[in-house]
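Presented below is the structure to which this report refers.
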Amino acid sequence: GAVPTTLARPIREEKCCCLDLFVAWAEGWATTCSSLNNDTDTSLPFDLETWGGCSTVTCDCIWQEKTRPVDEVELLPCYERALAFDRLTNF
112 GAVPTTLARP
122 IREEKCCCLD
132 LFVAWAEGWA
142 TTCSSLNNDT
152 DTSLPFDLET
162 WGGCSTVTCD
172 CIWQEKTRPV
182 DEVELLPCYE
192 RALAFDRLTN
202 F
């Protein structure tokens, strides 16, 4: 048989099973991780000289990520949909 001249790139399925649950989780994660102790206030410009480093991120912030209601492959599509529908606050 003939060898194809180009390789077909697999089509990535852009789905988000649970937008409402994702938004609630993302808002909770942002709140948990944006405390002053985490030094992740995104309303301020990032400054490497004043950032407290990775050691300032709390365990609660790290563990909150593990409670996400969607599979890892759905994180970006859910995030993009939440932004498109203006469902996320600015953290």
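Its first residue numbered 112, the sequence shown is counted upward by one per residue in this note's numbering.
A virtual CB, placed ideally from N, CA and C, is assigned to each residue, including glycine.
Every value quoted in this text rests on a predicted model; they were computed, and no experiment measured them.
Contact test: residue i Cβ vs the ligand GTP heavy atom, cutoff 7 Å
i: Leu194; result: The ligand GTP is absent from the structure shown, which contains no ligand whatsoever.
Contacts around residue i, its chain only, beta-carbon distance under 6 Å, and the 5 residues preceding and following it disregarded
i: Arg198; result: Val134
i: Arg192; result: Cys127, Leu130
Close-in-space but distant-in-sequence residues of the same chain around residue i (CB under 8 Å, 5 per side omitted)
i: Gly139; result: Gln175
Neighbourhood of residue i by C-beta, 7 Å cutoff - its chain only, sequence neighbours within 5 removed
i: Leu147; result: Because Leu147 carries a pLDDT of 46, less than 50, the predicted location of this residue cannot be relied on, and the following value inherits that uncertainty. Excluding residues within five positions, none has a Cβ falling inside 7 Å.
i: Pro180; result: Cys129, Leu132, Phe133, Trp136
Residue i classed as buried or exposed, judged by whether at least 16 other C-beta atoms fall within 10 angstroms
i: Cys189; result: buried
i: Ala195; result: exposed
Residue i (DSSP reduced to helix, strand or coil)
i: Val181; result: coil
i: Cys130; result: Note on residue identity: the sequence assigns Leu, not Cys, to residue 130. Looking at Leu130 - three-state DSSP - the assignment turns out to be helix.
i: Thr200; result: coil
Assumed close pair residue i, residue j - CB separation to whole angstroms, cut-off 8 Å
i: Glu185; j: Lys126; result: 6 Å
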